[in-house]
Each structure stands twice: as C-alpha cells, then as structure tokens.
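Written below as structure tokens is the structure these notes are about.
Protein chains: 4
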Amino acid sequence: MSNTKSTQRRRGRPQGDEVKIAILKAANELLEEQGLSGFTIDAVATRSGAARSSIYRWWPNRGALAIAGFLAETAQKIAYPATGSAVADIKSQLMRVAEVYGQKVGRTISALVAQGQSDPEALKALLEGYVLPRRDEAKKVLARGVANGELRAGIDFDVVIDALYGPIWYRILVPHAPLSREWAAALADHVFGGLMASPAAPEGVVDAAGSTAPPPARRRAARRAVPQNPPSRGS
Amino acid sequence: MSNTKSTQRRRGRPQGDEVKIAILKAANELLEEQGLSGFTIDAVATRSGAARSSIYRWWPNRGALAIAGFLAETAQKIAYPATGSAVADIKSQLMRVAEVYGQKVGRTISALVAQGQSDPEALKALLEGYVLPRRDEAKKVLARGVANGELRAGIDFDVVIDALYGPIWYRILVPHAPLSREWAAALADHVFGGLMASPAAPEGVVDAAGSTAPPPARRRAARRAVPQNPPSRGS
Amino acid sequence: MSNTKSTQRRRGRPQGDEVKIAILKAANELLEEQGLSGFTIDAVATRSGAARSSIYRWWPNRGALAIAGFLAETAQKIAYPATGSAVADIKSQLMRVAEVYGQKVGRTISALVAQGQSDPEALKALLEGYVLPRRDEAKKVLARGVANGELRAGIDFDVVIDALYGPIWYRILVPHAPLSREWAAALADHVFGGLMASPAAPEGVVDAAGSTAPPPARRRAARRAVPQNPPSRGS
Amino acid sequence: MSNTKSTQRRRGRPQGDEVKIAILKAANELLEEQGLSGFTIDAVATRSGAARSSIYRWWPNRGALAIAGFLAETAQKIAYPATGSAVADIKSQLMRVAEVYGQKVGRTISALVAQGQSDPEALKALLEGYVLPRRDEAKKVLARGVANGELRAGIDFDVVIDALYGPIWYRILVPHAPLSREWAAALADHVFGGLMASPAAPEGVVDAAGSTAPPPARRRAARRAVPQNPPSRGS
DNA sequence: TACTAACCGAGACGGTACGTCAGGTCTTGGT
DNA sequence: ACCAAGACCTGACGTACCGTCTCGGTTAGTA
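Here it is, written out as structure tokens:
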C-alpha cells in the first residue's frame, strides 16, 4: 500500500510498524473489553503508548480505527472448515461462529455496528472489509452444496445467508438470550429443514399475502429430485 | 397503572401532557430523520419548544428519551393481522415489518440498538419495552399454528422467531442490501419450507457437529405418511 | 404596610404568620450555618416546611429573603450600652461587635454583603435596613461625646464610624486574622488616641497631600506638652 | 518558577501565551464592567476568543479565574510612593488607593471578595496573592516610620493597617457613600492623629474592658497628668 | 351556615451557567 | 519523515438553581 519500491528509500525517519501495530492491538483490546464506551482515542493512545497524533496520522477518525483494529486482529480468526458436505460445513461453522461471537468478538462486532449507525464510512468499511467477503465465502460453500445436490438449485444465496447469520448478529446486538452452539444447531436445522407440519400451507400464504416473488424454479427441480416430496407448494 | 384511585388526586401542578408529547414527538422525528448523530438533547429541546431541564425532568438521559420517543410514537404501529392461518399471519406480518423497517422506522430502530451498545439501560428498555413483548406476541401466533396443526409441535419458538426476525434486524443494522417485501417472503418460505434437497442431510450434520436437538423424526414421518401428523418432539 | 384601614378587613383567609416566621428562621439558620452557597430557596423551603411558592409570595428573590431573614432574626441583637462616657460606650460596643461578628453573625453578614455585590436591591436593603440605622445610632453616641467634651468638636462622624467599624467588616469579609475583643480594643485605642510619636508630622502631610480636614485642637495640646519623646513599648 | 532549566525543554506543544493573556484580559474587563453577575465562563470565552475548555485547562473554576485575572492585570498598579516620610507615604498612598478603588478596581475587588464568601479557594488566593503581600509592604513602611521616630514604637502594625485600609474595603463593599481622596485624607488624619479632646478617657475604658494595647502618644500628654501610668504591654 | 377569596403545599416549566468529557486539528521539539 | 506531547477549538453531556406558573386543598371572615 504505502510501500514505495524497496530499493527507493524515502528520506526521513522510516515508519516503524511497531507503533501502528501497537495502536491496532490496543484498539482491539479496548473494543473487546469495554465496547464502544471505553473505546476512546485517548484510551487507545494511552494503552498503546502512542500519541494521539500518531493515531490520527494513520486513521482519519475513531470509526476507521475501530474497524481497522478489528480487521487486523480479530477478523480472520474464524475460518470455514472444508469437509465433504457443504451443509455440514455450514452448520458446524455456524455453531463455531455462534460460540465465538458469544464471547469477546461479539462485543467488538456489536460496537462496530453501533459505530456504523452514525458513521457511514465505518459502516462501509465494515461491510466491505468483513461482511461482504465472508458472505462471498459462504456463497461458495452454498454453491458447492448445490453442486453436490445437497441443496436445491433454486435457492437464493443471499436469503439463505441472511437466514443463517442474521439471527446471530441479531442476538449479539439485541441480546435477549445468550448465544450458544446448541441454539445455532437448532437454527441451522430449522433453516435447512423447514418447520412445516404440512407442506401445503406456504402457497396459501404467498397468495394471501400478495407475494410477488414465488420461487418456482427451485420447486420444480426439487420436485424432480424428490418426487414424493410432499411440500410441493404448487401441487 | 401507577395511578392510585382516580379519586385520589396528586398534589401540585399536574403535568401538562402537551410538553411531554411534544418532546416525544420531536425525539422521534429527529431519530427518524437523522439517526443517532442528530439526536441531541438540545436539538430535541429546540424542536419541541421545551426546555432542556424539562426533558431531564422526565428522562434521565438521552438513551432513555430515545427509547421513550420510539415506544410512544412508533412502536405500536405494526400489529399482527389475525386471519385463520398462523403461518399466513406470520408471513404477511413479516413482509409488512420488512417494508416498514425499510423506511424511517428502520433508522430509528438501528439508532436505538446502536445506543444500546453503550448504554445498558437503553438496551434493557428496548428489550423490555419492545423486543420481548413483540416476541411474546409472535409466540402466541406460533402456538396457534401448532394448535392448528400448521406447524410441528416440537419447534422451539425462540429459535423460529430468531430465524424469522433476526435477518430483518440484521439487514437494517448491516445494510448490505435493501429490505423488501419480496425478500421477506422468500425468507419466510425458506424458513417455513426448508432448503434441503434431501431431507436426510441434517441428521448427518447433527451427528457430526454434536447437535443435541435434531428434528429428524417428523420429516421422515411426514414424508411417508404426510398429512396432519403432529409428532410432537417430546413424545 | 400594605394594610388598608384596619377597620376595613379584606375578605378571604388572612395570612398566617407562622409560615413567614418559619421561613425567616430557616433562612437565617442556613445563612449562619453555610453562608451563601448553602442558601438556596429550595433549602429554605425544605427546612422551613414551606413551599417555594410561599417564599416567592412574600419575597421577590433570594437576596430579599436573605436580608429579611437577617433583619428579622439577628440584626437587633447588638445594642449600644449607655454608660456615662460616650467613648467608653463606643469602645465597649465595638468590642462586643467584634466578638459577635466573629461568630455566626459574621458569616451571615459576609454572605449578605457578597449577595449585595451582584444584587443592587439586596445591597440597598442591607444599607437601609441595617447599616445606616446603626450608623445613625453611632452618630448619636458620638454627638454625645462631643457634647460631653470627650471628643473634639470638629470630627467627621462618618469618617470616625468608618474608621471604627470599617475594619471589623473588613476582617469578616477578608479574614486574614480572626476577630477578637482584644483586637477591637486596640483598634479603638488607636483611633481614639492616634499613632504619632510627634504631633507635627500630620500637618506636613496634610499640606502636601491637600487634605481639607485637619484636626488641629488635640494636636496643639499634644505639641505643647510632649515634644520628641519616642516611648518605646518595652520601657 | 515552574520552569526547569531553560535548556530542559518540555515536550509537546508549548503553551501560546496569547491565549492565556487574552483570557485574563477578558476576565478582568468583565469583572470591572459588570461585576460578578456578568462574569461568566462563557462570557470570558466569548470575549477572549478562547474556548471554554482552554479556560478550564488552566483554571479550575470561575473563582480561580477571577482572582487570576485581577492579579495579572490590575493588582500591581498601585505602588507605594517612597519619599522621606513614612507617614506621608502612607497617607498619600491611602488617598491614591481610595481614588483608584473608587473606580473600576473597586468593582473588581468587591466582586472578588463576594466570590470568596462562597469559595474558600478564591478567598485564599485573594488573601495570599494580594492582601497579605500588600499588608507586608505596608508594614515595611510603618516600620520605617517607627525607625524614623515618626511613629510610636509600640504600635501593632496589623491593627494600624486594619484601621487604615479596612475602611476603604468596607466602603467599596458597603457603599453607603462614595470614596474620595478627601475622605481618605481625613481618615488618615483621624487614625494618625486621634480623636480625643482630652487624653485621659481611654485608659478608663481600657481598664474596664481589659484592653492590652494602650495607645502611647496620647499617653505622653497623659503622662503629665498621670505620670507613672506604665501600661506597657509587655509588663 | 354556607360562600368565597386568599393562603398554602406541591411541583411542572422555561431558562442559564456550571464543570466534564471527547473529538479532531495543529504546533512544537526530539530522534 | 516520523513520533510523543500536549495546546487548542468545538460541542454535547448531565446537574443545580433560578424565578414563574398552575394546580388542588384548606381556612377564616363575611354574608
């Protein structure tokens, strides 16, 4: 990024990465420990041993610093497993995410989202630096699942990801009950398995509620593959 | 509520409702229009015509005022429909929620959640004043669905509600894509209908990942026998 | 005061003095105990058991209340003695004033003066209600002294009173050292007796500085009798 | 004072004196023009062009600022003259003080004293920063007068200073009549010259009231009449 | 004896200033 | 050129009193 050619040295004192790293580390720790309220530029400066001006030299404001700290330190810790089954991979990763987000990372993420509500740049950075890349990853796994035949062909990946991961973010932001692996497992089962006792109901709902976007293609494919699959909505 | 008998008048000058109402109205408008950043006690005072001290007389801090404004003005605007079908009711309400939250109410709610991340009281107020009551309402509808035979008996209402509403909150807080009725309809269909191409998969996942709450029996049974089998999980 | 003829009774409930008295008492106590900073309308109301509005019904603001409390409760406690000698009366009263002002009354007076600096009405009330009447009293005693032949005929009573009582007020307002009877006695002696070793000096000063009020009588007597005697204290 | 060696530079941005000076200047002007009531931190900030936070960085509260403004701007304007005669010096300085205090400085000082009545720190600062140093100066002049033989050896400097300057402070704080050079001259004459028509009276009083500080100049005259009266304080 | 106007307690209300805190900018001197 | 230190301006926070006002309840003299 800011590197010129390595042969071409700039004048003056070269930038020591230690300062930057110390700042990011301190930022991340504060975010984990105290959330947004304790995350003060001054606090970061004090903890890192850096000066406030050094922070502002590299990041334009506290939102940017928060995101940067998160991305540098925490973001990449949750990787997808890669077994044979896409569904199994997703489910186990979902459980792991629920577990991890239930701890310090959750505090951090909720702080970042909160910051984003009054700081469009921070929101954008969070989206582009974390949310969207991870959604892309998830989509790849889902695509593998479709290719495998584990999942129906017509599913809308974005909707599925929202259905799987949305509840987790919801629970860390609106903590009406703690996150747990068990809850995540149940969530995955519900989403993958459906809830209906009788397959006929949804269509009625769709008609009744005026839905304009019935997903028929999937259904047909599904019908082929699982002939006696009763939840055929159209039938 | 906190009134003693109506015959028992309180001493002192009675509170003029106009002021309180004007304050709440102004608070709500500011929250809708500008989110958290524009939501200042001073701004509320100016817009409402009240004095700052009058605001602080009734609400201890800005978080409490934000919640109160939302609850007083906006919260009750989204009611459940009550047709015959529980599932249809939920789905159509979900779509309506998605629609409404996609507009000004969404800004307000996201601001409130953000505020809650650094203000435990505000978070508590939001939960107790809005989230939990609405979840209870939803649970009643779900229970009706189970009683109807529309839904399986074994489902965990909290998980279902998380699966249905979590994604909406997620999307207003992390707006990677706009909310829409269609998206909500698709979401409902996914959750109610499931995603699996083959119903066998989840169990494998469950086994692999150590889930303790697999809902397999129903589906197999349903597939076989189908109709109004209400196999309660506990049985 | 605001009474119309005593025969002409007004309709309605007459004013009960208890409330007024309780208010004044509380006001005075607060002033004595805590000075200006603790003297709050609210504090007075609470301590007296009266309502704030009752206070404002009778006194226009806190300054007026402070003065009224002082005048009603404390002011008249210091009376002049009346022996034969005017000088002795003044001196003993000065000592008594110093003693009394050194205690709670001093706190009260200093608070009132302080209040007066930012409240012209209060200052005026203090002057007219306390300071000037007492100065008039003192002037009478001084006049008696002149009539007696105890004091020179040409003295300016206002200047004398300033010289005698000014230092007391100065010491309670600028407490560089505590008030005491001894100090007051020394003060009286200095003022009544003068400080000069040689009586010639003042005239020179007077001439040089343009004084318009030379006190010649005493000096002449002194000049005659006691030339350059430098009576050391230790002798 | 607080400087370490000049070679030892402090880190960080050095303080720009302009800001501090502008603040003190504004503070002083406000005090002169409007007294305590107009002396608001906000007003000082506005007039000086500085920020409120800059004021609070250097002074802990409004009392401290008031004192500082006075000491920095006004306090040193009144110096003692230094002619041969101590008495003449004191008298002419007293007249000058009366003249000066009768104008803007008087407003300032009365405001400071008033502030001091509810702010012990401010009172202490006024005493230590202004009152006591000036009293010390006056004592030096008085000592010179004693050395000269102009003044009696036994006089208590503190009492004399109270007698001379107390009335001035009294008059600016309790302005029953305006200050003037003439009044000050008369005051000086009274104090230096005494008031008694006959020198005998005070002793009676002294004895009766237990005074321990008899005024001797008069005594010389008295010595004739009451020769062996040795009311030496030390005995 | 009933009326009725003033008294009284309570407290809502619009204001103003306080002192605190954080954010973000700028200016030094040192390395 | 980078960095620590910290002065500086801005603006919101929550608190404390002020003085005004509007209620409901009470009470003593009058009709």
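Chains as they are written, first to last, in numbering that gives the first Met the number 0: chain P, 0 to 234; chain E, 0 to 234; chain C, 0 to 234; chain S, 0 to 234. Here a beta-carbon is modelled for each residue, glycine too, at the ideal position from N, C-alpha and C.
Strictly below 7 Å CB to CB, what residues from chain E border residue i?
i: P/Ala162; result: Ala162, Pro166, Leu186, His189 and Val190
i: P/Trp182; result: Val158
i: P/Val130; result: Val173 and His175
Please compile the residues from chain P whose C-beta is within a distance smaller than 9 Å of the C-beta of residue i.
i: E/Asp135; result: In chain order: nothing, as chain P lies at least about 11 Å away.
i: E/Val112; result: Ser109, Val112, Ala113, Gln116, Leu172 and Val173
Contact defined as beta carbons within less than 8 Å: I believe residue i pairs with residue j. What is the distance between those atoms, to the nearest angstrom?
i: C/Ser179; j: C/Gly101; result: 7 Å
i: E/Gly165; j: P/Tyr55; result: That pair is no contact at about 37 Å.
Candidates the options: which alpha carbon is nearest residue i's?
i: P/Gly34; options: P/Val96, P/Trp57 and P/Thr107; result: P/Thr107
i: P/Asp41; options: P/Glu32, P/Ala25 and P/Glu31; result: P/Ala25
i: S/Pro80; options: S/Leu126, S/Ser91 and S/Val159; result: S/Ser91
i: S/Gly68; options: S/Gly37, S/Asn27 and S/Thr39; result: S/Asn27
i: E/Ala85; options: E/Ala176, E/Asp16 and E/Ala146; result: E/Ala146
i: S/Val18; options: S/Glu32, S/Thr39, S/Gly37 and S/Trp58; result: S/Trp58
i: P/Ala121; options: P/Asn60, P/Ile22, P/Val104 and P/Arg51; result: P/Asn60
i: C/Asp157; options: C/Glu136, C/Gly15 and C/Val104; result: C/Glu136
i: C/Asp307; options: S/Gly83, S/Gly37 and S/Glu181; result: Here chain C has residues from 0 to 234 only, and residue 307 of chain C is not among them.
i: C/Gly83; options: C/Gly148, C/Gly15 and C/Gly192; result: C/Gly148
i: C/Ala21; options: C/Lys103, C/Leu125 and C/Ala50; result: C/Ala50
i: E/Arg151; options: P/Lys103, P/Ala87, P/Gly192 and P/Val104; result: P/Gly192
i: E/Gln116; options: P/Asp16, P/Gly105 and P/Leu126; result: P/Gly105
Helix, strand or coil, according to DSSP, for residue i in the structure here?
i: P/Leu150; result: strand
i: C/Ala81; result: coil
i: E/His175; result: coil
i: C/Asn60; result: coil
i: C/Gly15; result: coil
i: S/Gly105; result: helix
i: S/Gly34; result: helix
i: P/Ala162; result: helix
i: E/Asp188; result: helix
i: P/Thr45; result: helix
i: C/Leu111; result: helix
i: E/Ser117; result: coil
i: S/Asp155; result: coil
i: S/Ala50; result: coil
i: S/Pro215; result: Note on S/Pro215: pLDDT 35, under 50, position unreliable in the model; no value is reported.
I'd like to know whether the C-beta atoms of residue i and residue j end up nearer to each other than 8 Å.
i: C/Leu186; j: S/Ala65; result: no
i: E/Ile167; j: E/Val96; result: yes
i: P/Leu30; j: P/Ala110; result: yes
i: S/Val140; j: S/Ile89; result: yes
i: E/Gly62; j: E/Asp118; result: yes
i: C/Ala184; j: C/Met94; result: yes
i: E/Arg143; j: E/Ile160; result: no
i: E/Leu23; j: E/Ala74; result: no
i: E/Val99; j: E/Ile77; result: yes
i: E/Val190; j: P/Val190; result: yes
Applying a beta-carbon distance threshold of less than 9 Å, which residues of chain E neighbour residue i?
i: P/Arg170; result: Asp161 and Gly165
i: P/Leu126; result: Val173, Pro174 and His175
At 8 Å on the CB atoms, spell out the chain C contacts of residue i, in chain order.
i: S/Ala176; result: Asp157
i: S/Gly34; result: Gln116 and Ser117
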